[in-house]
Ligand code: GTP
């Protein structure tokens, strides 16, 4: 079913939403909080119903963190492949949640697993978006040593998204970790180069560099706050905008 044509003018026509695996945990330490998944799916449905073409990249950290496993002695490449499988689990769960809300979706995996999902084919992904399907990109870039943030940047570029919307647990980018230190100050706007220079925790440097080289804006925002996603696509200043 094609999505409803836009009645409301939106700032962005095609978005790539990056969700960390941790965003799906809610207040748990591990795994998936079904209520959180349902609530994020509702937010996406709202944005999608305005005619915004929506692609999603989901991390896997709620199930398996490749970097931590390699710190504990596991081979980094092996750990990253397990992490990529974790993103497939999250993607399939998210697909189900969206379809329960009558949002049509397609999952495309960077690692071929035909019985579970389509393989990643850029032109097909773009056709799906044009037909009003939400496309979920699973298995990261399909390569170890690349994060799902980098996958989000790469896919956003490939599908010519207008922006990456990075949903996190905090309200934006701060000068220091607001979860750990008091008095942290939030930035409303940042330049890519300042993010890199100051080592601010927005996305990893590969992902930021890719966005910088291709002039793709990033909005970092709190996905836990209901309505934020809608506000951003309508052009309200929510979170932190990283651009040139
Ligand atoms: P259009 O033909 O452009 O409308 O796209 P479509 O996705 O509806 O057509 P297609 O016949 O390719 O897909 C029909 C259904 O099969 C969709 O739900 C796809 O996600 C699914 N599908 C397509 N290719 C694969 C695949 O390689 N593996 C899996 N598991 N499902 C697939």
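Numbering (the working numbering), first residue to last: 2 to 245.
Ideal Cβ positions, reconstructed from N, Cα and C, are used throughout, including at glycine.
A quick note: this is a predicted structure, and the numbers were derived from the prediction, not measured.
Legend entry - Three-way DSSP call (helix, strand, coil) for residue 7 in this model: Only weak support is given to the placement of residue 7: the predicted model assigns it a pLDDT of 48, under 50, and the value that follows is read from those uncertain coordinates. Correct three-state label for residue 7: coil.
Legend entry - Residue interval of the beta strand (DSSP E) (run including residue 110): Counting along the chain, the beta strand (DSSP E) containing residue 110 begins and ends at 106-110.
Legend entry - Between the CA atoms of residue 28 and residue 84 - distance to the nearest angstrom: When rounded, the distance between both Cα atoms is 21 Å.
Inset, instruction - Jot down the residue ranges of each uninterrupted beta strand (DSSP E) in the stretch 47-123, minimum 3 residues, whole runs only, in chain order. - result: Qualifying beta strand (DSSP E) stretches, in chain order: 54-59, 106-110.
Inset, instruction - Mind reading off the beta-carbon distance from residue 12 to residue 168? Whole number of angstroms is fine, and I expect it under 8 Å. - result: About 17 Å separates the two Cβ atoms, so there is no contact after all.
Inset, instruction - Compute every distance between the C-beta of residue 92 and the non-hydrogen atoms of ligand 1, then say whether any falls below 7 Å. - result: No.
Legend entry - Sequence ranges, alpha helix (DSSP H) only - wholly within the stretch 165-209, length at least 4: Whole alpha helix (DSSP H) segments, 4+ residues: 193-199.
Inset, instruction - Taking residue 189 as the reference, give the member of 133, 221, 23 with the closest Cα. - result: Nearest Cα to residue 189 within the set 133, 221, 23: 221.
Inset, instruction - Please report the Cβ distance between residue 111 and residue 140, rounded to the nearest whole angstrom; I am assuming they are in contact, meaning their Cβ atoms lie under 8 Å. - result: That pair is a contact at about 4 Å.
Legend entry - Distance between residue 16 and residue 2 (C-alpha atoms, nearest Å): Because the pLDDT of residue 2 is 44, which lies under 50, any placement of that residue in the model is unreliable, and the number read from its coordinates should be weighed accordingly. Approximately 19 Å, taken between the alpha carbons.
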